[in-house]
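According to my numbering, the sequence shown is numbered sequentially starting from 741.
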Amino acid sequence: MVYENLRKFNKNDINDKSDHESLKEALKNAEKYKSLYIAQNDLNTSLEREIESSEVKIKAFKKNVKEQKSLIDKLNKEIEEQNKLLEEQRETISSLKSDIEDKNICIDNLKFQLSEKSEELKEIKTAEYFKQLSIDRRSKCLKNELEELENGDKKIGYDILKLTDIDEINSDVEELEFYNFEACVELLFSSSKIINDSETLYCQKWVLHFSEKMASYVI
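In structure tokens form, the structure reads like this:
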């Protein structure tokens, strides 16, 4: 504005040198102010651009912060789910350990029962062995007794039994071992003998009964 007013001055209006110098100084100042104005305007424009750029950056930063927050929330949720799964796995492992301990206890019990059964089986086999040994010895004794009777080396008149009822032979049915009960109802005679078995440590007494058809014995 100052510059424009000064430009309208007429040279004829300048009467002396001092006025000319003043005008020149005023023009110089006007040019300076104009430069300052232009510089300030440029600075303002630059600042406005920087502000706009900053606003854009702030918006982008806010958006990024929002995305980061969403991502953090998502990660926190995944962490909670992983912790939950981890806890479930721990419970499963604990349950499996408990099941393994129970199974080990069952295995130990089964081993103990197997050991007991093995001992029982050994005892049964031992008992069967001695039983068979006793049967073999009784059979041998019976065979020898029969041979003595057949050869007439033994007298049989002193222990003849005159029984007609099988119940009168022996009241303990479990001790009777007749091959044919009907053939042994009426006994012709019998023979008895005591056997001392040193291996089985048993003292056995057996009675030999003879009928018309076959022989049987009572232990």
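We treat Cβ as the ideally placed atom computed from N, Cα and C, and that holds for glycine.
Only a predicted model underlies this, so the values are computations on that prediction, with no experimental measurement involved.
Pick helix, strand or coil for residue i, following the three-state DSSP scheme.
i, result
"N891", "coil"
"D759", "helix"
"L916", "Model confidence at L916 stands at a pLDDT of 38, short of 50, so the residue's coordinates are unreliable; what they give is reported in the following sentence. Three-state result, L916: strand."
Exposed or buried, what is residue i when buried is set at 16 or more other beta-carbons lying within 10 Å of its beta-carbon?
i, result
"D759", "exposed"
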